[in-house]
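Right, one structure below, let's go through it.
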Amino acid sequence: MHKITIAIDGHSSTGKSTVARQLADYIGYLYVDSGAMYRAVTLFALGKQFISETHFDKSSLVKALNDIHLDFKPNAEGKQEMYLNGENVERQIRTLQVSEFVSPIATVSEVRKKLVEQQQLLGRNGGVVMDGRDIGTVVFPKAELKIFMTASVDVRAQRRYEELLQRGDSINFDAVLENVMERDQIDSTRADSPLRIADDAIVLDTSEMDEEDQFHVILQLTKDRIAKRV
Ligand code: DC
673 MHKITIAIDG HSSTGKSTVA RQLADYIGYL YVDSGAMYRA VTLFALGKQF ISETHFDKSS
733 LVKALNDIHL DFKPNAEGKQ EMYLNGENVE RQIRTLQVSE FVSPIATVSE VRKKLVEQQQ
793 LLGRNGGVVM DGRDIGTVVF PKAELKIFMT ASVDVRAQRR YEELLQRGDS INFDAVLENV
853 MERDQIDSTR ADSPLRIADD AIVLDTSEMD EEDQFHVILQ LTKDRIAKRV
């Protein structure tokens, strides 16, 4: 059976990654979390002190791009985890600190070009579920199924807050809310590949949906789309 390409874009903390991963596992497709790649580049930039509260040395980051090697490797449970230059950084890339710096890093065209090329390579044979901000608009404009996920900013901040608490991070809700709003603003207004709804995307507001509801809706959309291709 022909394997399609599924692009899941949307605002941060809408449940994209969770549902994309579940869907990929269920239908036997590759799952790619493109946000993890931007997060890993951010971790690299923080480590090299190219970015801080007070400065952002874009040109040093751009010069160092060839020194950044990103891979996804499955862990013992088969879940894809992010490796930066051979080191497993899956946990480190999910901190609030990385979240605070990732949007400025993702505005840099040279960074986007490098990551988009790698994403296109990962999905070149179809059979992929990729989530991000520009998957249906830039990475795979011909994806057979495009979903755009959104939810109210308070619901999203609450979900993210609970996720960070569960990991054992000590954070306060207002800092998370501020970060979610700031990332929306930067991601939607950047010059290169801003977050926007592809013309042929199906919009899903998950404010009132739990994970199970989201999964069932998206699975049904996927089945309908695959049935049309056979
Ligand atoms: O999906 P996420 O929240 O882990 O993504 C982190 C950041 O990376 C997000 O604020 C914007 C950026 N990003 C992007 O610009 N393009 C993508 N395809 C994925 C993420």
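In this text, residue positions in the sequence shown follow our numbering: the first is 673, and each later residue adds one. Backbone N, C-alpha and C define an ideal beta-carbon position, used for all residues, glycine too.
Residue pairing for M802: DSSP places it in a beta bridge opposite A679 and V704. In this structure, A778 has its CB closer than 7 Å to one or more heavy atoms of the ligand DC. Within the region 707–743, the runs of alpha helix (DSSP H) that reach at least 4 residues and sit entirely inside it are, in chain order, 730–735.
For the pair V800 and Y701, the CB atoms are nearer than the 8 Å cut-off.
In this chain, the beta strand (DSSP E) harbouring E753 covers Q752 to L756.
Under the 10 Å beta carbon count, T726 is surrounded by fewer than 16 other beta carbons and is classified as exposed.
By the Cβ-count criterion, D803 is buried, with 16 or more other Cβ atoms from all chains shown falling within 10 Å of its own Cβ.
Take the alpha-carbon of S879 and the one of P776: they are about 27 Å apart. The three-state reading of DSSP puts D872 in coil, since its state is none of H, G, I, E or B. In its chain, beyond the 5 residues on either side, L768, S771 and E772 have a beta carbon closer than 7 Å to the beta carbon of N851. Between the alpha carbons of L817 and R796 lies a gap of roughly 15 Å.
In the three-state reduction of the DSSP assignment, I807 falls in the helix class, which pools H, G and I.
Here V691 has Q886, F887 and I890 as same chain residues with Cβ atoms under 6 Å from its own Cβ, once five neighbours each way along the sequence are excluded.
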